[in-house]
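Numbering (the numbering used here), first residue to last: 1 to 292. We put the CB at the ideal spot given by N, CA and C, even for glycine. Predicted model, so just to flag it, every value in this text is computed and none were measured. Data first, discussion second: the structure below is written as structure tokens.
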Amino acid sequence: MIKTSILFIINPISGGRKKAKIPALIDAYLDKEKFTANYSFTEYAGHAGELAEEAGNKNFDIIVAVGGDGTINEIASKVVQLDKVLGIIPFGSGNGLARFLKIPMDAKKAIQLINKFNITVIDTAKLNDRFFFNMAGVGFDAHISSVFAGNKGRGLNGYVELGLKEIIDYKGQNYQIEIDGKVYKRDAVVLSIANSSQYGNNVHISPKSSLTDGLLDVCIIKPFPLYKLPQLAYQMIRATTHKSTMVEIISGKQIKITRKREDAVHLDGEPFVMGKEINAEINPASLKIIVK
1 MIKTSILFII NPISGGRKKA KIPALIDAYL DKEKFTANYS FTEYAGHAGE
51 LAEEAGNKNF DIIVAVGGDG TINEIASKVV QLDKVLGIIP FGSGNGLARF
101 LKIPMDAKKA IQLINKFNIT VIDTAKLNDR FFFNMAGVGF DAHISSVFAG
151 NKGRGLNGYV ELGLKEIIDY KGQNYQIEID GKVYKRDAVV LSIANSSQYG
201 NNVHISPKSS LTDGLLDVCI IKPFPLYKLP QLAYQMIRAT THKSTMVEII
251 SGKQIKITRK REDAVHLDGE PFVMGKEINA EINPASLKII VK
């Protein structure tokens, strides 16, 4: 029986959780009759993508991201181009994509899921030619991602604490949004471009989003008084933002956002700086991924 070669790419710092024992867990629970496992630990920003590209060129059939949405983004960006299969062992702060796909948060169970080798094909997306898989955005969430990237206290609690501190002084912007040729002008605190429904930690901005419908959902959070923040947070946790008066959701395939100046964006939670004009597009059924 020919075994399938897997490379596990492990981000040792994602989510603030130690991962030195991951190879031992894989050795204990991966089906050795089906798979041959190899491991690489990332050493710097961008290294996960480099390792994934090398693995694809060395004919590894499956490349598994052990980390959070940012690590997954780096690896999946190469996997989709190399036409390989992506696996996920979630170890991030939010794990938005893994949660949406119902991949277990427990590492042992996530490894056992790989043994079943159940593959589906999902949509991917690009923002100004950079891939994203779960969520991209501009506005407050991009601002927080940028500030959080320099914060040593990573993790959900650190993210929430920073968000509450920053939102007090944050001001929304006016955006021109073109979706499949139709133009909208909106004042917004956040513009999220959703491929799945949630940011992570089961906090849903776009509850009806699907990874297989060939569409992106532009989620516009309108300016609101701070006393309504608990209400908006509750709606996100209850996955009812599509009914909220504070949120407008518009679906489409081709999206162009024009803003007043160069500023932060985020792709799957990782911050970048982009110019005044931002283009997003969907790539239907383009990534093979192991799911439940």
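- Asn115: member of the alpha helix (DSSP H) spanning Ala107 to Lys116, first to last residue.
- Here DSSP, grouped into helix, strand and coil, assigns Tyr175 to strand.
- Collapsing the DSSP output to three states places Pro104 in coil.
- About 6 Å separates the Cβ atoms of Ser196 and Leu97, confirming a contact at the 8 Å cut-off.
- With respect to the C-alpha of Ile62, the residue from Lys34, Met236 and Pro230 having the closest C-alpha is Lys34.
- Counting along the chain, the unbroken beta strand (DSSP E) around Tyr199 starts and ends at Gln198 to Gly200.
- Between Phe148 and Leu127, the gap from beta carbon to beta carbon reaches 8 Å or more.
- In the three-state DSSP reduction, Leu97 falls in the helix class (H, G or I).
- Classified as buried, Asn95 has 16 or more neighbouring CB atoms from the shown chains inside 10 Å of its CB.
- For the 8 Å CB-CB criterion, Lys102 and Lys292 form a contact.
- Ranked by Cα distance from Gln254, the options Leu232, Ala280 and Ala194 are led by Ala280.
- Asn134 is bridged by DSSP to nothing; it lacks a bridge partner.
- Asn11 sits buried, since 16 or more C-beta atoms from the chains shown fall within 10 Å of its C-beta.
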